[in-house]
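S.K.: Got a structure for you, written out below as structure tokens; questions coming shortly.
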Amino acid sequence: MPNLTEAHVDITHGVTHRFLRALASARRLYLCVPLLSETPSMNINFYRLVHLELNACAEGWWEFFTQMLQNSPKLASLKLTDEHDLIFPSKETPDCWKRPSSVPESLKAFAWSGYKGRRGDLNMAAYIMKNVTSLKTATISPESDDSEAKYRMLKDLVSVLTPSSTSCQLLFD
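Right, here's the structure in full:
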């Protein structure tokens, strides 16, 4: 698919390397792939990808996320969604997730919807904000409606975040 502009993919069974390769030319991807197979060996260059929305509903989603960051050199907009139903419960980012060897210099906007404020999540958000020099906005939207929980999450974020870009705005929704 050499001229794929946009793909919305919502799959309930395993995703293979071959399937992902078919999406490599997409400019915009919306992915909800609860069972990721072959993720550790993924070596696909998403050379045209400028916008990625990834639903964090799979065991190992953070490995897939890391590879997407490393293999998407033109990525300008990234959104993580961590909002789940009872079928696919949320999977926490482990503290020891393998950070990408590089992040796209083109990344301008980062959003995390359904942010839970767990330690692994906090580490991932901090890594992105600290390592993307071109980042203009980081929008964190907590899952919780509890004002005390939201305040704790905001306080935790602010304590570890020092955006590498001096013009980056942190928006806490």
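Counting in UniProt numbering, the sequence shown runs from 1 upward without gaps.
Backbone N, C-alpha and C define an ideal beta-carbon position, used for all residues, glycine too.
DSSP state of R28, grouped into three classes?
M.R.: Looking at R28 - three-state DSSP - the assignment turns out to be strand.
S.K.: Please confirm whether K116 and D82 have their CB atoms less than 9 Å apart.
M.R.: Yes, Cβ-Cβ distance for K116 and D82 is below 9 Å.
S.K.: Given 8 Å as the limit, is there contact between the region 51-67 and the region 22-34, that is, 3 or more CB pairs closer than that?
M.R.: As far as the Cβ criterion goes, the region 51-67 touches the region 22-34, which means the pair count is three or higher.
S.K.: According to the Cβ coordinates, are G114 and E143 closer than 9 Å?
M.R.: Closer than 9 Å, so yes.
S.K.: Check whether the region 98-114 touches the region 147-163, taking contact to mean three or more Cβ pairs, one atom from each stretch, closer than 8 Å.
M.R.: The region 98-114 vs the region 147-163: no contact.
S.K.: What are the start and end residues of the beta strand (DSSP E) that includes residue 225?
M.R.: There is simply no residue 225 to check, as the chain begins at 1 and stops at 173 in what is shown.
S.K.: If you drop the 5 nearest sequence neighbours on each side, which residues of the same chain put their C-beta closer than 6 Å to that of F46?
M.R.: These residues qualify, in order along the chain: A24, N71 and S72.
S.K.: In the DSSP assignment, what are the bridge partners of A109?
M.R.: Per DSSP, S77 and T137.
S.K.: Would L171 be called buried (16 or more neighbouring beta carbons within 10 Å of its own) or exposed?
M.R.: Classification of L171: exposed, given that the 10 Å Cβ count is below 16.
S.K.: Return the CA-CA distance between N3 and D156, expressed in angstroms with no decimal places.
M.R.: Going by the C-alpha atoms only, they are around 42 Å apart.
S.K.: Starting from E63, trace the alpha helix (DSSP H) in both directions and tell me its first and last residue.
M.R.: First-last of the alpha helix (DSSP H) with E63: W61 to Q70.
S.K.: Just the Cα atoms here: how many angstroms apart are E63 and S147?
M.R.: Taking the straight line joining both Cα atoms gives about 31 Å.
S.K.: Applying the criterion that 16 or more other CB atoms from any shown protein chain within 10 Å of the CB defines a buried residue, is V103 buried or exposed?
M.R.: Burial call: buried.
S.K.: What residue does the beta strand (DSSP E) around D10 start on, and which one ends it?
M.R.: From DSSP, the beta strand (DSSP E) with D10 extends over E6 to D10.
S.K.: Could you work out which residue in A125, K136 and Q67 is closest to V158 when comparing CA atoms only?
M.R.: V158 has its Cα closest to that of A125, out of A125, K136 and Q67.
S.K.: Please classify Q169 as buried or exposed, where buried requires at least 16 other C-beta atoms within 10 Å of its C-beta.
M.R.: Flag for Q169 reads exposed.
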